[in-house]
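Asker:
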Amino acid sequence: MAVGTISKGGNHLVYVELETFGLNSLWIYRDREEKDPHRRAREGSGIDEEDYRALVDCCSAIRHLSPMVNPQEKLIIQTTNQYSNASVEGVGADFLEMNNDTLVRGRSFRSKEITTPRAVAILGPTAASDLFGNNNPIGKEIRIGVRKYTVIGELKGKSRDFLASIGSIGGQDANNRILLPYAAVQQINGNKRISYFQAEAVAQADAEKGAQQLIAQLKHRNGKNFKYRSETMASYLSTTDRILGGVSVIGIVAASISLLVGGMGIMNIMSTSVLERTREIGLRKALGARRHDILWQFLLEAAIISSIGGVIGLVLGGGASVIIARITDFPLTPSPLAIIVALLVSVVVGVLSGYLPARRAARLHPVEALRYE
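Numbering (our numbering), first residue to last: 13 to 385.
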């Protein structure tokens, strides 16, 4: 039951946290083989403003497309007397919708603010707290590098702690970030390069098709000099499934060992019971009890013992699940099916473990059993 509950809770958390990226999301990067940072800087990303304009509305499997521009150097972020270590991202008009981002106050970017280097910014909740405390940041100014930006929005917080803890995702803190129009970050960088594209497929099943359509367009425009690669949410789901699958296997092995130890315990208890009740068995046989009567008597006793153990295990496991869920916010809610399966497994293990002692009791000769001291 514990293994199933943990697996179900983990899958639920994974789904909820992956929704913060957008379940239909995909990313297109240039596949960089050059290791020299100076040559990499000269070559650029292999994606530019003209590529973005050509890709908009070009692919049937893509609903939204956002250019993503990263600063080429570390930027100092500050107000008059506060600093932040938030990451800065240049984004397109559809970025918030694609990532299921919502605003707790303020507004999103307007179309003209995205394509021209307007000095406006949207803050993540951690960045807003670091720079302005509990005060409303809307309309106030922050300095990023040498330029000032007006805060127009504050994002609602997101949780990706579980994905980060199992190593399924990397990257920056979703709450400690500052979003700027991608053209504003291009202005900071001093060029029109785009770092990569984030896109949203029409449906989750279309993500790989959409990625291939975008890559085909980029190769058509830029020739064979550049190689591109894609990542889809399906790849993250696959990685997470493998990790959770490994955890489940470990849990199943541990549970199997526990069942084996418990079964041996029941076998010892039943063997002792048969030994202590040998004369009783002989008397019952002398009075007409048949072999299968004795066999079923001891099998029933083994089933009752294992059922009691199973119920105690369910109570303890359920109590532990409630405590852990309240302490960690991990959703541990055992399903009715898991409870039924756990009880059935405990009964089956008990019956199988009690079979050999029960068979030994059933085969006792009544005369020899009555002579037993």
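Just so it is clear, CB atoms sit at the ideal spot from N, CA and C, and this is done for glycine as well.
#1: Among all the DSSP beta bridges, which residues are the ones paired with Tyr64?
#2: How many Å lie between Leu326 and Ser358 at the Cα?
#3: Skipping 5 residues on each side, what residues in its chain have a beta carbon closer than 6 Å to that of Ala374?
#4: Quick check: the segment 352-372 against the segment 288-297, are there 3 or more CB pairs under 8 Å?
#5: From which residue to which residue does the beta strand (DSSP E) around Thr162 run?
#6: Could you tell me which residues DSSP pairs with Ser37 in its beta bridges?
#7: Can you name, in chain order, every residue of its own chain whose Cβ lies under 6 Å from the Cβ of Lys204, other than the five neighbours on each side?
#8: For Pro378, which residues from the same chain have a beta carbon less than 6 Å from its beta carbon, with the 5 sequence-adjacent residues on both sides left out?
#9: Roughly how many angstroms lie between the CA atoms of Gln90 and Val261, to the nearest whole one?
#10: Inspect the beta-carbon positions of Asn36 and Ala219 and report whether they are closer than 8 Å.
#11: Nearest to Leu135 by alpha carbon, out of Ala98, Asn111 and Thr128?
#12: Among Met282, Thr138, Gly102 and Asn201, whose alpha-carbon lies nearest the alpha-carbon of Ser171?
#13: Measuring straight from C-alpha to C-alpha, what distance separates Arg130 and Tyr161?
#14: Check Thr244 in the structure and name its three-state DSSP category.
#15: Assuming Glu166 and Ala196 form a contact by the criterion Cβ under 8 Å, report the distance between their Cβ atoms to the nearest whole angstrom.
#16: Does the separation of the CB atoms of Pro369 and Met282 fall below 8 Å?
#17: When DSSP labels each residue in this structure, what does Gln90 get in the three-state scheme?
Answerer: Considering the structure as presented:
#1: Locating residue 64 in the sequence shown gives position 52, counting from the first residue. Bridge partners of Tyr64: none, in fact.
#2: Taking the sequence shown and counting its residues from 1, one reaches residue 326 at position 314. Taking the sequence shown and counting its residues from 1, one reaches residue 358 at position 346. Taking the straight line joining both Cα atoms gives about 11 Å.
#3: Locating residue 374 in the sequence shown gives position 362, counting from the first residue. The answer, listed in chain order, is Arg303, Ile306 and Leu307.
#4: no
#5: On the sequence shown, position 150 is the one that residue 162 refers to. Start and end: Arg159 to Leu167.
#6: Counted from its first residue, the sequence shown places residue 37 at position 25. BP columns for Ser37 point to Glu212.
#7: If you number the sequence shown from 1, residue 204 lands on position 192. The answer, listed in chain order, is Asp60, Glu61 and Gln198.
#8: Here residue 378 corresponds to residue number 366 of the sequence shown, with the count starting at 1. The residues are Gly294, Lys297 and Ala298.
#9: By one-based count along the sequence shown, residue 90 stands at place 78. By one-based count along the sequence shown, residue 261 stands at place 249. Those two C-alpha atoms are separated by around 48 Å.
#10: Here residue 36 refers to the residue found at position 24 when the sequence shown is read from its first residue. Here residue 219 refers to the residue found at position 207 when the sequence shown is read from its first residue. In this structure, Ala219 lies closer than 8 Å to Asn36 by Cβ.
#11: Against the sequence shown, residue 135 aligns to sequence position 123. Answer by Cα proximity: Ala98.
#12: Reading the sequence shown from its first residue, position 159 is the one you call residue 171. Considering only alpha carbons, the answer is Thr138.
#13: Here residue 130 refers to the residue found at position 118 of the sequence shown. Here residue 161 refers to the residue found at position 149 of the sequence shown. The straight-line gap from Cα to Cα measures roughly 8 Å.
#14: Translated into the one-based positions of the sequence shown, residue 244 becomes position 232. Reduced to three states, the DSSP call for Thr244 is strand.
#15: As a working note, residue 166 is residue 154 in the sequence shown. As a working note, residue 196 is residue 184 in the sequence shown. 18 Å between Cβ atoms; not a contact.
#16: The residue you call residue 369 lines up with position 357 of the sequence shown. The residue you call residue 282 lines up with position 270 of the sequence shown. Taking 8 Å as the Cβ cut-off, Pro369 and Met282 qualify as a contacting pair.
#17: Against the sequence shown, residue 90 aligns to sequence position 78. Gln90 falls in the strand class under three-state DSSP.
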